[in-house]
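For my numbering, count along the sequence shown from 1 and bump the result up by 2.
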Amino acid sequence: MTLPSSLDRWNAVAGYITERLVPADDVLTAALEASEAAGLPSIAVSPNEGRLLHLLAKVQGARTVLEIGTLGGYSTIWLARALPEGGRLISLEYDPAHADVARANIARAGLDKIAEVRTGAALDTLPRLAAEPGAGPFDMFFIDADKQNNARYVEWALRLSRPGSLVIVDNVVRDGKVADAVSKDPAIMGTREMFDLIAAEPRLEATAVQTVGPKGYDGFLLARVVS
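Here it is in C-alpha cells:
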C-alpha cells in the first residue's frame, strides 16, 4: 500500500474542511475566476483562511478594517461581509490593474459602499490616510502585501490602532524559511524583522500559527494591541 504524500494529505484535509464548513459561494467563485482571467497571480487566501478572517472580524466586533494588499479583492469580500451596518473597510493595493479587478469584484458582491480600494504604494498612501480627519483607529488590520515591508506595515498598524485592535499578517512562515537566520531573501529578512519588532514591542501581544494546505507550508501572525 502506498501512503499519500504529505501534500496530498494536506490537500485532502483542506478539501474536506472546505466542503463541510465553507459552502460554495457564487460571488467568491466569480471573484477568483475574474482574477485568474485578468492574469493576477493565484495567491489569494484559501477559502478556509477567508472564513477565518471573516470569523475573526466578527469575534472582534470590528466596524473598521484596514487591509494592506488587495490583489483581486477575495479577502476584502470576506472581511467586508463581516462588518455591521455602517462599517468601513479600506484596502491598499500597489498595482492599478489589480485594484481595478478588485473594485469590480467588490461591486459585484454589493460591497462597494462598504469597501474602498486605494491605489499606490502602501508606504505612500498610509501617511495620507493617517492625515485624513477621522482616520482610524481601525479595529482590525490584515497585512498581506510585499513581505520586505512587513515591519513598516506593523508600525503603521500601531499608529492607526486602539487598545484591543487586532493585527493579522499573512505568509509569515514561508515554507519554514523564516527560521533561516542567514537568509538573504528580502521577504524572509523583512518577515524576521517584523518578528523582532513585535517581540520587542510592549504594546503588542502576539503568536504565530503554522498552516499547511493547497498553498503549501506557511502560516500567519496574530497580534493584539494592548495599550
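We put the CB at the ideal spot given by N, CA and C, even for glycine.
Suppose you measure from the CA of residue i to the CA of residue j; what does that come to, to the nearest Å?
i	j	result
leucine 125	glutamate 51	26 Å
valine 119	isoleucine 19	30 Å
leucine 113	isoleucine 200	33 Å
lysine 60	valine 67	11 Å
alanine 64	leucine 55	11 Å
aspartate 27	glutamate 21	11 Å
leucine 57	valine 24	12 Å
alanine 189	serine 77	21 Å
The beta strand (DSSP E) spanning residue i covers which residue range?
i	result
alanine 14	Counting along the chain, alanine 14 falls outside any beta strand (DSSP E), though it belongs to the alpha helix (DSSP H) covering 8 to 23.
glycine 215	206 to 215
phenylalanine 144	142 to 145
According to the neighbour-count rule (16 or more other Cβ atoms, all chains shown, within 10 Å of its Cβ), is residue i buried or exposed?
i	result
arginine 161	exposed
lysine 149	buried
leucine 164	The sequence shown places arginine at residue 164, rather than the leucine named in the question. So arginine 164 counts as exposed.
proline 135	exposed
leucine 42	buried
threonine 31	exposed
serine 7	exposed
glycine 74	buried
leucine 91	buried
Output the boundary residues of the alpha helix (DSSP H) element that contains residue i.
i	result
arginine 226	Per DSSP, arginine 226 belongs to no alpha helix (DSSP H); it is in the beta strand (DSSP E), 218 to 227.
leucine 162	Per DSSP, leucine 162 belongs to no alpha helix (DSSP H) and is neither H nor E.
So which of the options has the shortest CA-CA distance to residue i?
i	options	result
alanine 109	Arg83, Asp10, Arg176, Leu23	Arg83
alanine 153	Leu81, Gly74, Ile70, Arg105	Ile70
glutamate 87	Ala111, Lys115, Ile145, Val156	Lys115
glutamine 212	Ala202, Glu203, Leu223	Leu223
methionine 191	Ala202, Asp177, Leu81, Asn151	Asn151
Legend entry - Meets three-Cβ-pair contact criterion under 8 Å: the segment 130 to 144 and the segment 207 to 218: no
Inset, instruction - Pair every Cβ in the segment 86 to 98 with every Cβ in the segment 163 to 180, then say whether three or more of these pairs are closer than 8 Å. - result: no
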